[in-house]
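Here the structure comes first, spelled out in structure tokens, and everything after it is commentary.
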Amino acid sequence: QVQLVESGGGLVQAGGSLRLSCAASGIFFRINAMGWYRQAPGKQRELVATITTGGSTNYVDSVKGRFTISRDNAKNMVYLQMNSLKPEDTAVYYCKVDGVFGNYWGQGTQVTVSS
1 QVQLVESGGG
11 LVQAGGSLRL
21 SCAASGIFFR
31 INAMGWYRQA
41 PGKQRELVAT
51 ITTGGSTNYV
61 DSVKGRFTIS
71 RDNAKNMVYL
81 QMNSLKPEDT
91 AVYYCKVDGV
101 FGNYWGQGTQ
111 VTVSS
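In my numbering, the protein residues as written are 1 to 115.
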């Protein structure tokens, strides 16, 4: 059974930093990409950043230069370093795995940025 567990969310002041982690277990197939998405209240879930097995990354424009995604292929973990956080970054952040047999989501971790 595939399970994704996010951690590292919390409350931080604007300008601060947080590091999110996602541990994927129960995966015995090839992973194409891992990523982070977020959903703010009243808004649709949006892509934040993705990273392929080869290390290619993609970011939504609003986080470029502030967020960095990385992964540990051997441990099936993905990270999101978030710097210079803004109140508009407040959302539930979800980890996603794109595998050859399907896509899987974590339960989410709340990130709240106060002004």
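C-beta: ideal position from N, C-alpha, C; glycine also.
Exposed unless 16 or more other CB atoms sit within 10 angstroms - verdict on residue i
i: D89; result: buried
i: F67; result: buried
i: G55; result: exposed
i: G42; result: exposed
i: G10; result: exposed
i: A74; result: exposed
i: R30; result: exposed
i: A14; result: exposed
Inter-residue CB distance, residue i and residue j (contact presumed, cutoff 8 Å)
i: E6; j: G106; result: 5 Å
i: T52; j: N32; result: 7 Å
For residue i, the residue or residues it bridges with in DSSP
i: Q81; result: R19 and T68
i: V63; result: Bridge partners of V63: none, in fact.
Check whether residue i and residue j have beta carbons under 8 Å apart
i: M34; j: V97; result: yes
i: A91; j: R19; result: no
i: V2; j: Y79; result: no
i: M77; j: S21; result: yes
Worksheet item: Where are the beta strand (DSSP E) runs, 3 residues long or more, that stay fully inside the stretch 81 to 115, in chain order?
Response: Within the stretch 81 to 115, the complete beta strand (DSSP E) runs of at least 3 residues fall at 91 to 99, 102 to 105 and 109 to 114.
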